[in-house]
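S.K.:
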Amino acid sequence: MNSLEALTASMPKRIVRNWQASVMRTCDFCGHHKGTVLNGDNSSICASCCDAENYGNLQCALEEALERNAALIAALEQAQQERKVQLETIASVTGLWNEQRNRIAELKTNKPCVKLPGERFDEDGSITSDFDRGWNHYREDAMKAIRSAGGTVIEGE
Numbered sequence: 074m075n076s077l078e079a080l081t082a083s084m085p086k087r088i089v090r091n092w093q094a095s096v097m098r099t100c101d102f103c104g105h106h107k108g109t110v111l112n113g114d115n116s117s118i119c120a121s122c123c124d125a126e127n128y129g130n131l132q133c134a135l136e137e138a139l140e141r142n143a144a145l146i147a148a149l150e151q152a153q154q155e156r157k158v159q160l161e162t163i164a165s166v167t168g169l170w171n172e173q174r175n176r177i178a179e180l181k182t183n184k185p186c187v188k189l190p191g192e193r194f195d196e197d198g199s200i201t202s203d204f205d206r207g208w209n210h211y212r213e214d215a216m217k218a219i220r221s222a223g224g225t226v227i228e229g230e
């Protein structure tokens, strides 16, 4: 049973009465002397009281439907608010992800820049020690490797 069928089933049904068998009698509900029929509990009921009973049932059903409608509207507004928060969170995370992706791409395209210490010389400007010769030799090899990788070497002191 779907929700529409459930709502239809909850609608009050008007009691079908045989008005051809009505008799003039005092109504047990309103006290007027009118054409009445027997009610389910063997009391006499007139047409006006039958209508009032039916309208009362319809009014109760309408009030219940309005309450259900208000509850559904509140639930819908809550769901829309939660959806808005979810979309804002997704947009924020997506923005951060795009920023990081762009930063990584920028770092990949930028050539690395390396600052190496300067050449080693003695106080008089000559290279006499084996350590200084080795240092300068490895410094040149490092500069060649950095430049061949597309990097830039800044010579220091």
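Heads up, the sequence shown is in the working numbering, so the first residue is 74 and it goes up one at a time. Quick reminder that beta carbons are idealized off the backbone N, C-alpha and C, glycines included. It should be emphasised that the depicted structure is a prediction, and the values quoted were computed from it without experimental measurement.
#1: By DSSP, does Val187 sit in helix, in strand, or in coil?
#2: Thinking C-alpha only, which one of Leu131, Leu160, Gly113, Thr225 is nearest Asn91?
#3: From the DSSP secondary-structure annotation, give me the bridge partner or partners of Thr225.
#4: If His105 and Cys123 are in contact, beta carbons under 8 Å, what's the gap, nearest whole angstrom?
#5: Hey, Thr109 and Val96: beta-carbon distance below 8 Å or not?
#6: Arg98 lies in the beta strand (DSSP E); which residues open and close that run?
#7: May I ask you to verify whether the segment 208 to 220 touches the segment 181 to 192, counting CB pairs closer than 8 Å and requiring at least 3?
#8: Classify Lys217 as helix, strand or coil using the three-state DSSP reduction.
#9: Could you say which of Ser121, Thr167, Ala147 lies nearest to Cys103 if we only look at CA atoms?
#10: Report the option in Glu213, Arg87, Leu180 whose CA atom is closest to the CA atom of Ala125.
#11: Report the rounded CA-to-CA distance for Thr162 versus Ile227, giving the unit in angstroms.
#12: Output the distance between the C-alpha atoms of Gly224 and Gln173, rounded to the nearest integer angstrom.
#13: Tell me whether His210 sits in a helix, a strand or coil according to DSSP, three-state version.
#14: Using three-state DSSP, classify Cys119 as helix, strand or coil.
M.R.: Answer, in terms of the structure:
#1: strand
#2: Gly113
#3: Cys186
#4: So it is not a contact: roughly 13 Å between Cβ atoms.
#5: yes
#6: 96 to 99
#7: yes
#8: helix
#9: Ser121
#10: Arg87
#11: 44 Å
#12: 23 Å
#13: helix
#14: strand
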